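This report concerns only the one structure given below.
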Amino acid sequence: FGSYQGNKISQTEPINATGVGIAGFGAPTTYTSLARQGIFRFVRGTINVNGTNVTQGSPLLVDSAGNLKSGVPVCNGTTVTGNCVDSYNIFANDPQHIGPDASVAGLLGKLPLPNDFALGNVLNTGGFDWNPPSTFKGPNVFVRLDHNFSQSDNVFGHFLIGSFNTTQGDFLNARPEVYPGFPPLGEVNRDNSNLAIKYSHVFSPTLVNEFIAGYNRFKFLFTFGESNPGFPDPVKNPPWADNCVVGSTKNVDSPYCGSAHTARAITTPQLVDNVSWTHGAHNLRFGINFRFYVHNDSRGFFGGNIVNPIITFQRTLRTAGLTNLPSGSGASAPSSSDINVIQQAAVELLGLPGRIQQAFPADFVNNVYGKGLETVYTRAHQYDSYIQDEWHVRPNITVNAGLRWEYNPPPFDAKESLVPNGNIAGGVPVSFVKADGWYKNGNLGAVGPRLGIAYSPDNKTSIRAGYAWMFDTISTFQVTAQAGKVPGFALNCVSQINTTGTITTSAGCATPAGMTNRISAGFPVAMPAPTTTPSAALSQPAYQPNGVAPSVGAFDPNLKNPSIHEWNLTIQRELPGSFVTEIGYVGKRGTHLFRAYDLNQINPNSAFLNDFLLGRQNAMSGCSPDGTGCPTGVTGQNPALLRSLAGCAATGTCSLLNSNSNDFLQNNIGDLATQIDQGNIVNRGFPGNYFRPDPQFTQIFFQDAEGDSYYHAAFVGLRRRFEKGLTFGLSYTFSKSIDDQSIDPVGAATGGGLSTTNSVTPTDIHNFGLDRARSDFDNRHVLTVDSLYEFPFGNGKRFASNIPKWLDYVIGGWSSTGIFDYQSGEPYTIYSGSQTANTEHVSTALVKGPFDPGHLQTVAGIEGPVMYNVGALITTPSDPNFDCRNVIGTATYFCIPPPGQQGSGRNTAQGPSFWNLDSGLLKNFKLTERFNIQFRAEAFNVLNHPNFNNPRNASSGTPRVNNSLFARTCCSTSSLPSSATVIAIGEPNRVLQFGLKLDF
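Under this note's numbering, think of the first position of the sequence shown as 44, with each following residue one higher.
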């Protein structure tokens, strides 16, 4: 038997200023025609437009083509000198008088002009809205062979090979074509194959053995820059025009991707043997399942290390030295942000890059840094065995009992696994040395029992109960993330030129020639080979400042297999009218679940906290945090410890403290501790571990298996068997899930996925109990209703059963389907946005007054619905609700907790619910006894109902109190799993699908 299936789906998605369309990718920003000529427009003073004061570029000043609207005052230098739009010629004020860089100008000339002035600087840059394309295509080929050699011997085999490729742009990962006519930022090739060969031998009517050998293979290729046929030619894919990894330009969006591909290939050879033996009332089964994972992961960028050269323009590094920069005061004063944009535009248009970077992967075996992709060769062997007995105690009682043993030795790297030679963060410096595996524990004791019973008291009732202890395995992607955190895994070489013309290059790297050149004059397009070796990085100094010390990773040497205890009880009863009902309960208890966190979390000590409070009081009194610059009648307090840690004198101004006054006002003690720790505190007389427990490293990405979870659910179902043209089903589940971390701690991220704001990172690694709460995916109520109804018209039906064949083609054979889904909203955490207690995660918000659970609502002047209608963050220190936001019309306040404290807990708020209705209309045509045609018209989300995400998952919203987008759920809605049958990534809006099927 063989089959072939071909797929091709073409689509377009908008990218525009509102963020609607491709998630994570708004409209690109490009220079106006005048800006490309070096003419930069800006506002002097304040212009009043229809009652609105404008101090810099605004859509109120320009028409749809970007030209100044009639009546907007223009500075002429004589009669109009203030409160007007002026211009500055970048090329005329270039001290070198070279004019635009030819290479940059050539690229800009190929880009479209802006068509959306709700984006960008408005007077000089704007957005470009358009609908980029994307295509999904790929065949699947299936071959099956089944042969009986004898009554006792049978061989069965199948082979499947297929692909599903995304071309012209990868919308799912926000890598479309940036502008028409340019290559996409990425495409995806997905290849799969599967082979299974089974040999069955019947020894006797009661003893059968089956042996299966085969493999699964999945390969994902994310092309990135290689979507461009000219990659990596620096002329055809300029390293100074990257827009997918670092971003070469700041004012506008470049059209290219500067990174080589990422390829993940997982091949799993597998051997399975099952024996079935029937003996009396017992049906025994036992067997083995051996899997041998081969996971090769090659990437053009691993974390922040990019193996291809990337060049960036940064005004804060290299300046153009422009003359006659706009200045003035009062009505003639330009906005400071406009001056920054002018200087950034100058380095971009004049072709004056400030930085080049390129990473070199390590070959630890040969102890050299080379070129090529960063690759991890993970191998994992898994050996499972089981025995199970199905015992028919009585005709109406069956007992299933079994035991499963899962031996999963530690995964290893096919080339070299490098792990710490001691207790990392244990107070003693460690080195990374070769090991047999990534951790030590082989989990030999992973033996799980299973027990089930089925009882039928009569022929209409069935009662089932069961218990199982199951184990999980480690994901090879967790190993990939850890392998990339071995010190020296890749050497990121960076050369940059600062505002004084000084060139600096990172340690162990060589400086390329031509760093002072412009792009067209020969600025380097690659870094030279490193001057150091990988082995030099395996043993780090006992102390290095935060950010200078490398970030590393390690597994818990005693890493355990995650396990789940599950138990259930179900009662099923046949009812009149062809109905069957079911009621039941399911309970689960997860133990030793995987977690990931930074073992080097900083928890500021009490002395640091006390001085931080002094600085905070100073800032709230109108002084600088260091106690200087106080208003008349106010005496500041001297935070002596903070001064010493910051390297400041005992008196006078301390710039490090004063430049972070917002940290003091918003209780952000963790951020201040990190910034101070980035200086050399040992040279200032403090121990290296004053902040970080292990000052040998910056971050220690640590993975253990000490998480846990609980799940309890009651469910009821009702189903009508298909009869008289109707089938119907209803299922309702009432459940609660509790855990201390809800999602895969790594996923496919090479960097590990930790951040100060996401739900992966623990609130405090010294108190995981703070995160014990409802799971992120806890859907308390879930309801599903489905139906299929055949209309009673046409031959063989209740009505018009003897009509002519031609009329039956018209009114007969019709049926309809419908599926309705409802889920209550998922919980989410309201965060303060400040690191009030430690350096690894912002604290939860402190709720003052009665808690308002929030609800989806619209607020005038805000795009998209919000969960709360709140006022601005209260910034008046004398206000008793300072650092809080009020839910308007209530006594509820969401506040930043005091320094050293956490807020009101995880997942206290409830997100919006989800519901959807899919429907279909089917028509069957009976051609002959052998041939039938079915036409299907299906609508996914037939009512076009938008299901908004909670602020945690919103594309333009956040659950952080100190952010202006707090509580917003804009602007994308949840995709529907059912529509994934049409488009792989799913669609949130109504999707219509038409199909024609021939049966014979």
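No residue lacks a Cβ here, since even glycine has one placed at the ideal position from N, Cα and C. These figures come from a predicted structure and were not determined experimentally.
Buried or exposed for N367, going by 16 or more other Cβ atoms inside 10 Å?
Here the question's residue 367 lines up with position 324 in the sequence shown. With fewer than 16 Cβ atoms within 10 Å of its Cβ, N367 is classed as exposed.
Distance check for S319 and R334, CA to CA, integer angstroms please.
Residue 334 sits at position 291 when you count from the first residue of the sequence shown. Residue 319 sits at position 276 when you count from the first residue of the sequence shown. The alpha-carbon atoms of R334 and S319 are separated by roughly 21 Å.
Which residue marks the beginning of the alpha helix (DSSP H) containing R841, and which one marks its end?
Walking along the sequence shown from the start, residue 841 turns up at place 798. First-last for R841: undefined, no H or E at that position.
Measuring CB to CB, does F263 end up less than 7 Å from R307?
On the sequence shown, position 220 is the one that residue 263 refers to. On the sequence shown, position 264 is the one that residue 307 refers to. A contact, by the Cβ cut-off of 7 Å.
Which value, in whole angstroms, describes the spacing of the CA atoms of T678 and Q660?
Sequence index remark: in the sequence shown, residue 678 carries index 635 (1-based). Sequence index remark: in the sequence shown, residue 660 carries index 617 (1-based). So the alpha carbons of these two residues sit roughly 11 Å apart.
Please list, in chain order, all residues of the same chain as V186 whose beta carbon is under 6 Å from its beta carbon, the five residues on each side excluded.
As a first step, residue 186 must be located in the sequence shown, where it is residue number 143. Excluding sequence neighbours, V186 sits near G45, F202.
Starting from the Cα of Q709, find the closest Cα among L652, N91, L215, P941 and give me that residue.
In the sequence shown, the residue the question calls residue 709 occupies position 666. Nearest of L652, N91, L215, P941 to Q709, Cα basis: P941.
Checking the sheet assignment: what are the DSSP bridge partners for R233?
Walking along the sequence shown from the start, residue 233 turns up at place 190. F263, per the DSSP bridge assignment.
For V147, which three-state DSSP category applies?
Here residue 147 refers to the residue found at position 104 when the sequence shown is read from its first residue. V147: helix per DSSP, three-state reduction.
What would DSSP say about S578, mapped onto helix, strand or coil?
Here residue 578 refers to the residue found at position 535 of the sequence shown. Correct three-state label for S578: helix.
Spatial distance of G142 from T73 (CA atoms):
Here residue 142 is taken as the residue at index 99 of the sequence shown, counted from 1. Here residue 73 is taken as the residue at index 30 of the sequence shown, counted from 1. Approximately 20 Å, taken between the alpha carbons.
Nearest-angstrom Cα separation, counted from L238 out to F894:
Within the sequence shown, numbered from 1, the residue matching residue 894 stands at position 851. Within the sequence shown, numbered from 1, the residue matching residue 238 stands at position 195. Whole-angstrom Cα-Cα distance: 57 Å.
Throw me the rounded Cβ distance for the A533 and A402 pair, which I believe falls under 8 Å.
Along the sequence shown, read from residue 1 onward, the residue named residue 533 stands at position 490. Along the sequence shown, read from residue 1 onward, the residue named residue 402 stands at position 359. Indeed, because the Cβ distance is near 5 Å, the residues count as touching under 8 Å.
DSSP-derived helix/strand/coil call for P647:
As a position in the sequence shown, residue 647 is number 604, starting the count at 1. Note: P647 maps to coil in three-state DSSP.
Under three-state DSSP, which class holds R973?
For this step, residue 973 is matched to residue 930 along the sequence shown. Three-state result, R973: coil.
Is it right to say R973 is buried, meaning 16 or more other beta carbons lie within 10 angstroms of its own, or is it exposed?
For the purposes of this step, residue 973 is taken as residue 930 along the sequence shown, with counting starting at 1. By the neighbour-count rule (16 or more Cβ atoms within 10 Å), R973 is not buried but exposed.
If C287 and R342 are in contact, beta carbons under 8 Å, what's the gap, nearest whole angstrom?
Within the sequence shown, residue 287 is the residue found at index 244, counting from 1. Within the sequence shown, residue 342 is the residue found at index 299, counting from 1. No, C287 and R342 are not in contact; Cβ-Cβ is about 13 Å, not under 8 Å.
Over what stretch of residues does the beta strand (DSSP E) that includes E766 continue unbroken?
Here residue 766 is taken as the residue at index 723 of the sequence shown, counted from 1. Per DSSP, E766 belongs to the beta strand (DSSP E) from 743 to 766.
Option in S302, N167, T860, G125 with minimal Cα separation from N133
By one-based count along the sequence shown, residue 133 stands at place 90. According to the sequence as given, residue 133 is Ile; it is not Asn. Cα-wise, what sits closest to I133 is N167.
Just the C-alpha distance for I349 and P227, rounded to the nearest angstrom, thanks.
Locating residue 349 in the sequence shown gives position 306, counting from the first residue. Locating residue 227 in the sequence shown gives position 184, counting from the first residue. C-alpha separation (whole angstroms): 19 Å.
3-residue-minimum beta strand (DSSP E) runs that sit fully inside the region 854 to 895, ordered along the chain:
857 to 866, 889 to 891
Taking the alpha-carbon of A374 as reference, which of D106, L250, I90, N252 has the nearest alpha-carbon?
Here residue 374 refers to the residue found at position 331 of the sequence shown. The residue with the shortest Cα to Cα distance from A374 is I90.
Alpha-carbon spacing of G62 relative to D285, whole angstroms:
Residue numbering aside, residue 62 sits at position 19 when the sequence shown is read from its first letter. Residue numbering aside, residue 285 sits at position 242 when the sequence shown is read from its first letter. Note on G62: pLDDT 49, under 50, position unreliable in the model; the coordinate value appears next. Each residue's alpha carbon lies about 21 Å from the other.
Are three or more beta carbon pairs between the region 68 to 88 and the region 153 to 161 nearer than 8 Å?
yes
Measure from the alpha carbon of G347 to the alpha carbon of each residue in D316, Q400, T362, then state which is nearest.
What you label residue 347 is simply residue 304 of the sequence shown in a count that begins at 1. The candidate whose alpha carbon is nearest that of G347 is Q400.
Suppose the cutoff is 7 Å on Cβ atoms and the five residues either side in sequence are ignored; what does the same chain contact list for S505 look like?
One-based indexing of the sequence shown puts residue 505 at position 462. Excluding sequence neighbours, S505 sits near A497, S499, Q615.
Leaving out five residues before and five after H884 in sequence, what residues of the same chain have Cβ atoms less than 6 Å from its Cβ?
Walking along the sequence shown from the start, residue 884 turns up at place 841. These residues qualify, in order along the chain: T799, T804, T806.
Could you tell me the boundaries of the beta strand (DSSP E) in which G687 lies?
Start at 1 with the first residue of the sequence shown, and residue 687 comes out as number 644. For the sequence presented, residue 687 should be read as Ser rather than Gly. Counting along the chain, S687 falls outside any beta strand (DSSP E), though it belongs to the alpha helix (DSSP H) covering 683 to 689.
What three-state label does DSSP hand M663 in the structure shown?
Residue mapping note: residue 663 aligns to position 620 of the sequence shown, counting from 1. If DSSP states are grouped into helix, strand and coil, M663 belongs with the helices.
is_contact[T634, chain C] using C-beta, thresh 7 Å
The structure shown contains no chain C; it holds only a single protein chain.
At which residues does the alpha helix (DSSP H) containing F202 begin and terminate?
As a position in the sequence shown, residue 202 is number 159, starting the count at 1. Taken as a continuous stretch (DSSP letters only), F202 belongs to no alpha helix (DSSP H), being part of the beta strand (DSSP E) at 196 to 206.
Could you pull the start and end residues of the alpha helix (DSSP H) that N383 belongs to?
Along the sequence shown, one-based indexing puts residue 383 at 340. Unbroken alpha helix (DSSP H) run through N383: 379 to 392.
Determine the direct distance from the alpha carbon of N992 to that of R1011, and round the result to whole angstroms.
Translated into positions along the sequence shown, residue 1011 becomes position 968. Translated into positions along the sequence shown, residue 992 becomes position 949. Each residue's Cα considered, the two are about 9 Å apart.
Nearest by alpha-carbon distance to N271: which of G152, V221, V315 is it?
Within the sequence shown, residue 271 is the residue found at index 228, counting from 1. When only C-alpha atoms are compared, the closest one is V221.
In chain order, which continuous runs of the beta strand (DSSP E) of length 3 or greater are located wholly inside the region 470 to 516?
475 to 478, 490 to 501, 504 to 514
List, from N- to C-terminal side, the beta strand (DSSP E) runs of 3 residues or more that fit wholly inside the region 571 to 621.
595 to 598, 606 to 618
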